[in-house]
Every structure is written in C-alpha cells, then in structure tokens.
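**Student:** Got a structure for you, questions after.
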C-alpha cells in the first residue's frame, strides 16, 4: 500500500502484520516517542558481544544476582531488565564463555556493553572430523518428498481457519502512565512477563471457511464471523482480503518465503546448504517412528535467512514443527524482533497440512535508534489455527461466475456474532489476560487524546478531520500557492458518519488572492447497504487545475484522494514556476459497482467548460478563444486477483496483490469550440505489477491509449510531468508540463529494487543498511494534425514530440531509514537545461 505526494510516501508491506492497522498507528508512535522517557524502577539494558569476533550473542542469560529474575538476549544480542527490588549486581553467563558480574545502580537507568571471553582449555591435540552425514541424508529424504508433502501442491481441499490478532504498545514507563491523558485509565495498563508495562490497542478474531481447487484454479473464502476491538477507526473499519484471504501464512516447503516486502530463504530450499549449517540435535521416539530435531543456523550475516529448529518425522519425511526467527533484523527498518512458530498436521495420517501458525513481531517506528528500554514499540501477535480439513473435494468449487478464479463472500450477521458463538468456535478459550486485554481497549477508547489521534489517523486515510456530524477537509486543499491564484484558500467539509453511514454531502468555497476569483465545489453520494460495494455520487466543481489534468492518473496512483497534483508541498518543492493552470467548471456523475471479487465497473457522465489559461491562452488560427465546452460518457473496468483492500465508508484503499492489476477505460464525447462541434472517442488501458527475482523486486507499469476524432488539446493526453524536486513513481521526473502531447501513446515505468544486494557486500557501507534502486521510464506517441482545427497547439510543444522519450535513474534508499535520493538522467530530448536531476523522497518502508 502506498500513500504518495511528490515528496512523501508511506509504504508498509508486511503480508502478515496488517499494513493498514500499523499505518494508522504510525502517527500515534511518532507523537508518543520522546527520547526522554525514563522509568522510575531499576533498569538494566545492553548488548552482548563475542570478544574475538565482535558478533552479537543471542540466548545469553542475564539475571539479577541471587534471584531467578532475568532474561536472555534477543537476535540482536540485546537485553532489558526492570525491577523494583534492591538488586546491586547482574550476572551474565553463556555456555562456553566466562561469566561476568556487573555492579548496577539501584533506582537508576543502567546501560551495559558486555564483551564475553570464550573459555579456553589446555588439551592435547585432538583431530575432529565433523560428520554431517546423518543430517544430510535426512534433508535429502525431505527434498525427495517435498513435492508430495507441500500443501500448496494438493489438487483440492477445504478447511476452516480461526485467526486472532493482538497489538500492544510496549515499554510504557511510569512517566508515560502518569501523563494527564491517562489519568482516568490506569487500569488499561497491563504487565508483561518481564515486568514491563504495555498498553493494549487492538484485538480481533475471525472465522473463515475456505475452499480451493487447483485445476481449473478456483478459490472461495466465506467469512463466517468477525469480531474486533481496536482504537477508534481500527474497530470501525473493514479490512477485506488481508484477513479473509486464502494465503496459508509461512510455508516452509517453499524455496523462498515472501513477507515484509522481502524474500527469505527457506531452510528447506534446494540450495539451503549454501545459506545454512544444519545440526541434528535429537531423535525422539513416537508411536509411529522417530521425530528428528534439526537446528538450522545461517552461514553469513546479511543474507535474508532464518534461525531456528524444525521437527521432521521419518515416515513421510514431512515437517511437523518449525520454530524460527529472523537471523538478523538490522537490514529491516523498524522490525526489532520477528519469530515464527509453525506446525503441520497429518490429514488421514499421511497428508501434511497446516495446523497452527503464530507470528510474533516487534515494530519500532521511532525516527532514531534508541536503547531498548526507551523504545515505544508496537508488538503484534497473530495466531492461526486450521480445522475441519478435507483433502480431495467431491464437487468442484462453485463461484458466482464461471470465469472467476477467486471470490470472497460473507454470511448473514457475520459481524454481529455473540460471545456464545465465539466460545463454541475458538480452538481454545481466551485466557483471563486476553479478556482483560479487550476490556482495556474499551477503556482507552474513551480517552480524549486517543480520540484526537484517531481523528488524525482518519484524516490521513480519508482527507477529512472528524468533528462529529461534520468533517473538515480535504486537508491538502485548504491552502496552496500558484502563479494564477496567488494564495489559494479553501474551506470545505462533508457530513459525518454520525449523520449517516451511507449518505454524504460535501462541498466548499475557495478564494484566490491574486486573480480575485472564487472557486467552489458541491457533491453528494450514497453508499448502498449491499454486500458488493455500490456507490452513486454526483459533484459540481469550479476550480483551477493543471492543463491536461484528468482522472486517468488515479488508475496508477489508486490511493490518491483526487486527480490534482497541486498542493502546498508541491509548491514548497517546486523547481520551476508552475503557471500551466486554467479554470474548469464540471458536473460529473459516477456510479461504481463491485460485480465480483476483483472485478469493478464504474460508469461516468460529465459536462464541462474549460476556460483559456492566463499564461497560455487558447487560440484558433491565432484568434483568441475564451473557452470550450464538452460532454463525455465513459466506463472503466478494473480487474485484480487476490487483492487486499481496506474499506472505510466511501473510501477504499488498495493494499496490493502479487498479481497484475488491469484497467480498461472506454468513452464517447462531444466538444464545442465556438459554433462548431466535434465527436470523439477514447480508449485507455493500464496494467501494473511487481514480482521478485531473488531478494530483489521489480515494479513495473504500462499505459497505452488512443483518441479518435478531433479534440481541443487539453483533452489530449499529456505525459505526467514532475515540476518539483520530489521523486514521483508514475510521473516523468525530468519532463515539464505541456512539453509533450499525444493522441496515441504507450508508456512504461520500471523500478528495480535490489534491497542492498550490492551495498551489503561492501565493507563499511554494509552497516549503513543502504539499498539500491534502478529505474527507467519512457514513452512514445503520435499526434495527428486534425486537432489543430479546434485549437492551436501550444507553442512550447517539443520539436521531437513524436520521438521516443526515456529517462534512467539510480537511487539510494533507506538513508537514515526515511529518505531516498535519485539521480535521473534524461537520455533524450536534451535541449532544456541540464539532462541530470536530483530527486528526493521521504518514505516509510520496511
């Protein structure tokens, strides 16, 4: 998912940590993460390293001397302890190393950097030949049976899946607990096993019945029940696809495991010996034979690998259990810990299938690295349990249309199940702590400050700040600056959900201090209470827009609020005067219908009048033309597969899919310039997609279109320019407005993210966690002379307008975890200033 302006974007890619839920909490973390949060207890934190190699050591025991209170270091070698007792020393011990004792200051914050010396023994020379033969033979047997044992290779199956998500804020200190905003909600804070406090913020559970067949491929997901407790809009919003999708979570049988936007090498990959060392730890007698316990350890730092153990049964050589965590989170932004507990069941005593899955993640959105006890972290825990598994369906999976491959449905009352229902379907009863967890969320939701943060999060998603019955916005349209209007001031809003969940009226008025003109908009919409998303809306706008601006930009930037690229941030970052603006008056009616899962149709009709730009006036045979009028009707078809999305009232945010997203737009219209009128028609298509090549990722998009008949040039297609120093994904970053103009065109956008493939192999640079990006954008188009009969073409049109254009870029992202810098080379049409430009972008990316 991506929210983007010319300079700032948020892109959070976790597949199993719900990306929207985390996005909505980013604001909360950035507001409550001061670096001065210190506890009143005795706090001891630090890191443990090997004296010889300087590598961090995990699983090191750290305890208060003379007690059983302690912990072990995590995958980063870090530890943290808190106590209200008067301990004076801690003991650090690890097998094969000399133990160390450290003095600590009671009631203070103690930070230690522990260097452990390996034990040395004087022995006669012994020659040891390692024998990895048993584990090699075992893993060879696993490889020979992997096609049979991989659940993804089954022809057809069905199952019921119970899922639960729990989110909490860790490391709540006394100072934070005593903040005025939490004065009336002290009972909301709970204690973890290590005596640290945490604040529950989200609890959700869901029951889904899934059916799958491989040939022909069909998948059906039926949401039986859903129950959510969360901060503000987390509780009210519907996350579809993310929680209802058919993905099986982590599957260790896959050669690579995709999550967090990265590819990780599975310990069962055919080339696993290149990435891992394996050790046979134990052989456990069972009723049917022996289970072999195997440990896998990465050979090198910096690879996308896991560290842990797996249990393999020796009848079918299938995996029973996997307990693993990321071997190194240093190259992943914000992820401080991630562990996976995965188990398989044998259906009919012979066919492996998913059984249970637990993902435990700690996310730190602090802008800077801080000590572990000072981080305000989000801990996310996801549970999945599979039951009622049936292998080999007697009947084909039935979807609502024979051409569908995937469909998601909901049963009646799926969102209003009572507690008696949930007690009957949960694999295990909720613990007392989990029930307190839910009650604490209800308590926190009553706090005024939390409601304020919720409104800020909603504003980031919807564009409006909620005052109850009325919402103010859109926020990025309230103030702006341009050469035509001068200072542009706008006051607008819409009716809130307290007035109606389904009906909304919106509008506003604006004023330009330079041109002394008022602008405005008024619209209304209705969201039908239907299982399939159905919307009808109408809007009249009188506004100043960029010449050539149109809704086709929203087919690629699907999560933009509107088609305009003019806002306060673009003004601040502009690299040239932006005066290619003119007045447009338009009445537009739109009807949108979700026909099936992944297939949406929207129809539109519009009437418009476009006025002559002040700085680039309309001319016809060198005679001024004040304005022209037009009418257009069109339809857009959108296809996607297994896509995740987020619905919040009228707003739908698309969260991504591993498959292509295709749009096809068709329209017919009529224009009138002076006394003459001309019919026209238009075809436009786009596709965007991404896929992995090893640990790298390729993102690409294609656009193409045709305009039939003659139209005034603002209705032709202009390649999207970028006149700021910000980097834009689907704009041509070295092109200026009105430089190119086409009635037939093909465009390509490609971006190859290497994710540190080169930088991670360079000493010293590796520790900076930088990532490489290579990009290419290009287009080719044509322009017929027939359009000159209506309006003269712009004088600034490039001489090589119909010649291919291309720009290449090399970027470095993850600078200070938030910034990306690209050097862009304009490879063609190099007549205007320097062909090389530097573009900057701020983004939040795992």
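Numbering (our numbering), first residue to last: 921 to 1766. Glycine is no exception: its CB is placed at the ideal position from the N, C-alpha and C atoms. From a predicted model like this one, the values you see are computed outputs, not experimental measurements.
Exposed or buried, which one is residue 1015 when buried takes at least 16 other CB atoms within 10 Å?
**Tutor:** Here residue 1015 refers to the residue found at position 95 of the chain shown. Exposed.
**Student:** In angstroms with no decimal places, state the Cα-to-Cα distance between residue 1814 and residue 1644.
**Tutor:** No answer is possible for residue 1814: it lies beyond the span of the chain, which begins at 921 and ends at 1766.
**Student:** Locate the alpha helix (DSSP H) running through residue 1340, then write down its first and last residues.
**Tutor:** Against the chain shown, residue 1340 aligns to sequence position 420. Per DSSP, residue 1340 belongs to the alpha helix (DSSP H) from 1339-1345.
**Student:** Would you kindly check if the distance between the Cβ of residue 1464 and the Cβ of residue 1402 is under 9 Å?
**Tutor:** Counting from one through the chain shown, the residue named residue 1402 turns up at place 482. Counting from one through the chain shown, the residue named residue 1464 turns up at place 544. Yes, these two residues count as a Cβ contact at 9 Å.
**Student:** Taking residue 1390 as the reference, give the member of 1426, 1404, 1360 and 1399 with the closest Cα.
**Tutor:** For the purposes of this step, residue 1390 is taken as the residue at position 470 of the chain shown. Nearest C-alpha to residue 1390: 1426.
**Student:** Taking residue 1034 and residue 968 to be in contact with their CB atoms under 8 Å, please state how far apart those CB atoms are, rounded to whole angstroms.
**Tutor:** Residue mapping note: residue 1034 aligns to position 114 of the chain shown, counting from 1. Residue mapping note: residue 968 aligns to position 48 of the chain shown, counting from 1. The pair is a contact, with the Cβ atoms about 4 Å apart (cut-off 8 Å).
**Student:** How many Å lie between residue 1020 and residue 989 at the Cα?
**Tutor:** Working through the chain shown from its first residue, we reach residue 1020 at position 100. Working through the chain shown from its first residue, we reach residue 989 at position 69. Spanning the two alpha carbons is a distance of roughly 17 Å.
**Student:** Tell me whether the region 1402-1416 and the region 1426-1436 touch, counting them as touching only if at least three CB pairs, one residue from each stretch, are closer than 8 Å.
**Tutor:** Result yes; three or more Cβ-Cβ pairs closer than 8 Å.
**Student:** On a Cα-Cα basis, can you pick out the residue from 1121, 1629 and 1698 that is closest to residue 1649?
**Tutor:** By one-based count along the chain shown, residue 1649 stands at place 729. Nearest option by C-alpha distance: 1698.
**Student:** Residue 1167 to residue 1711, Cα distance in whole Å?
**Tutor:** Working through the chain shown from its first residue, we reach residue 1167 at position 247. Working through the chain shown from its first residue, we reach residue 1711 at position 791. A caution first: residue 1167 carries a pLDDT of 45, below 50, which makes its placement in the model unreliable, though a value can still be read off. When rounded, the distance between both Cα atoms is 54 Å.
**Student:** Grouping DSSP H, G and I as helix and E and B as strand, with all else coil, what is residue 958?
**Tutor:** Position 38 of the chain shown, counting from 1, holds the residue named residue 958. Summary for residue 958: the model assigns pLDDT 39, below 50, so the residue's position carries little reliability; its value from the coordinates is reported in the next sentence. If DSSP states are grouped into helix, strand and coil, residue 958 belongs with coil.
**Student:** Here's the rule: buried if 16 or more other CB atoms are within 10 angstroms of the residue's CB, otherwise exposed. What is residue 1194?
**Tutor:** Walking along the chain shown from the start, residue 1194 turns up at place 274. Its Cβ having fewer than 16 others within 10 Å, residue 1194 is exposed.
**Student:** Looking at C-alpha atoms only, which residue of 1094, 1254, 1686 and 1746 is the closest neighbour of residue 1027?
**Tutor:** Here residue 1027 is taken as the residue at index 107 of the chain shown, counted from 1. Of the candidates 1094, 1254, 1686 and 1746, the one whose C-alpha sits nearest the C-alpha of residue 1027 is 1094.
**Student:** Might you give, ordered along the chain, the residues of its own chain that have their beta carbon closer than 8 Å to the beta carbon of residue 1330, omitting 5 neighbours on each side?
**Tutor:** Residue mapping note: residue 1330 aligns to position 410 of the chain shown, counting from 1. 1142, 1143 and 1451, listed in sequence order.
**Student:** Along the chain, where does the alpha helix (DSSP H) containing residue 1375 start, and where does it finish?
**Tutor:** Numbered from 1 along the chain shown, position 455 holds the residue referred to as residue 1375. Segment 1368-1382, the alpha helix (DSSP H) holding residue 1375.
**Student:** Check the C-beta distance from residue 1781 over to residue 1647 and give it rounded, since I have them as a contact under 8 Å.
**Tutor:** Any answer about residue 1781 is impossible in this case: the structure gives the chain only from 921 up to 1766.
**Student:** So, residue 971 versus residue 1036, is the Cβ gap smaller than 9 Å?
**Tutor:** Position 51 of the chain shown, counted from the first residue, corresponds to residue 971. Position 116 of the chain shown, counted from the first residue, corresponds to residue 1036. Yes, they are a contact pair.
**Student:** Could you please give me the residues that DSSP links to residue 1139 through a beta bridge?
**Tutor:** Residue numbering aside, residue 1139 sits at position 219 when the chain shown is read from its first letter. Paired residue(s): 1132 and 1326.
**Student:** Could you compute how far the alpha carbon of residue 1587 sits from the alpha carbon of residue 1435?
**Tutor:** Locating residue 1587 in the chain shown gives position 667, where the first residue counts as 1. Locating residue 1435 in the chain shown gives position 515, where the first residue counts as 1. Going from the Cα of residue 1587 to the Cα of residue 1435 covers about 34 Å.
**Student:** With H, G and I counted as helix, E and B as strand and the rest as coil, what does DSSP make of residue 1103?
**Tutor:** The residue you call residue 1103 lines up with position 183 of the chain shown. Residue state, collapsed to three classes: coil.
**Student:** What would DSSP say about residue 1061, mapped onto helix, strand or coil?
**Tutor:** Translated into the one-based positions of the chain shown, residue 1061 becomes position 141. Residue 1061 falls in the helix class under three-state DSSP.
**Student:** Please tell me whether residue 1653 and residue 1744 are closer than 9 Å, where the distance is taken between their beta carbons.
**Tutor:** On the chain shown, position 733 is the one that residue 1653 refers to. On the chain shown, position 824 is the one that residue 1744 refers to. Taking 9 Å as the Cβ cut-off, residue 1653 and residue 1744 qualify as a contacting pair.
**Student:** In this structure, how does DSSP classify residue 930 when only helix, strand and coil are distinguished?
**Tutor:** To locate residue 930, count along the chain shown from 1; it is residue 10. Its pLDDT being 43, under 50, residue 930 is placed unreliably in this model, and the value from its coordinates should be taken loosely. It is a strand residue.
**Student:** For residue 1353, which three-state DSSP category applies?
**Tutor:** Walking along the chain shown from the start, residue 1353 turns up at place 433. Residue 1353 falls in the helix class under three-state DSSP.
**Student:** Give me the Cα-Cα distance between residue 1368 and residue 1376, rounded to the nearest whole angstrom.
**Tutor:** As a first step, residue 1368 is located in the chain shown; it is residue number 448 there, counting from the start. As a first step, residue 1376 is located in the chain shown; it is residue number 456 there, counting from the start. Their backbone Cα atoms lie some 13 Å apart in a straight line.
**Student:** I'd like the list of long-range same chain contacts for residue 1265, defined as Cβ closer than 6 Å, with 5 residues on each side in sequence excluded.
**Tutor:** By one-based count along the chain shown, residue 1265 stands at place 345. Excluding positions up to five away in sequence, the list reads 1273 and 1275.
**Student:** Taking the beta carbon of residue 1150 as the centre, do at least 16 other beta carbons fall within 10 Å, making it buried, or is it exposed?
**Tutor:** As a first step, residue 1150 must be located in the chain shown, where it is residue number 230. It counts as buried.
**Student:** For residue 1751, count neighbouring C-beta atoms within 10 Å of its own C-beta (all shown protein chains included) and say buried if the count is 16 or more, exposed if not.
**Tutor:** If you number the chain shown from 1, residue 1751 lands on position 831. Its Cβ having fewer than 16 others within 10 Å, residue 1751 is exposed.
**Student:** Within the continuous alpha helix (DSSP H) that includes residue 1067, where are the two ends?
**Tutor:** The sequence position of residue 1067 within the chain shown is 147, counting from 1. Where residue 1067 is concerned, the enclosing alpha helix (DSSP H) stretches over 1066-1069.
**Student:** Check residue 1255 in the structure and name its three-state DSSP category.
**Tutor:** Here the question's residue 1255 lines up with position 335 in the chain shown. The answer is strand: DSSP assigns residue 1255 an E or B state.
**Student:** Give me the Cα-Cα distance between residue 1713 and residue 1638, rounded to the nearest whole angstrom.
**Tutor:** The residue labelled residue 1713 in the question sits at position 793 within the chain shown. The residue labelled residue 1638 in the question sits at position 718 within the chain shown. C-alpha separation (whole angstroms): 12 Å.
**Student:** Please name the residue in 1703, 1571 and 1583 whose C-alpha comes closest to that of residue 1632.
**Tutor:** Against the chain shown, residue 1632 aligns to sequence position 712. Nearest of 1703, 1571 and 1583 to residue 1632, Cα basis: 1703.
**Student:** Pick out whichever of 1496, 1468 and 1495 has its Cα sitting closest to the Cα of residue 1483.
**Tutor:** Stepping through the chain shown from its first residue, residue 1483 is reached at position 563. Answer by Cα proximity: 1468.
**Student:** What are the start and end residues of each continuous beta strand (DSSP E) run of 3 or more residues lying completely inside the region 1181-1267, in chain order?
**Tutor:** Qualifying beta strand (DSSP E) stretches, in chain order: 1182-1185, 1196-1205, 1210-1218, 1226-1233, 1239-1246 and 1255-1267.
**Student:** Who are the near neighbours of residue 1397 in its chain, counting only those whose CB is closer than 6 Å to its CB and skipping five residues on each side?
**Tutor:** Working through the chain shown from its first residue, we reach residue 1397 at position 477. Counting only Cβ-Cβ distances below 6 Å, and skipping sequence neighbours, we find 1410.
**Student:** Just to check my reading of the structure: residue 1076 and residue 1312 have Cβ atoms closer than 8 Å, yes? What is that Cβ distance to the nearest angstrom?
**Tutor:** As a working mapping, residue 1076 is identified with position 156 in the chain shown. As a working mapping, residue 1312 is identified with position 392 in the chain shown. About 6 Å; that satisfies the 8 Å criterion.
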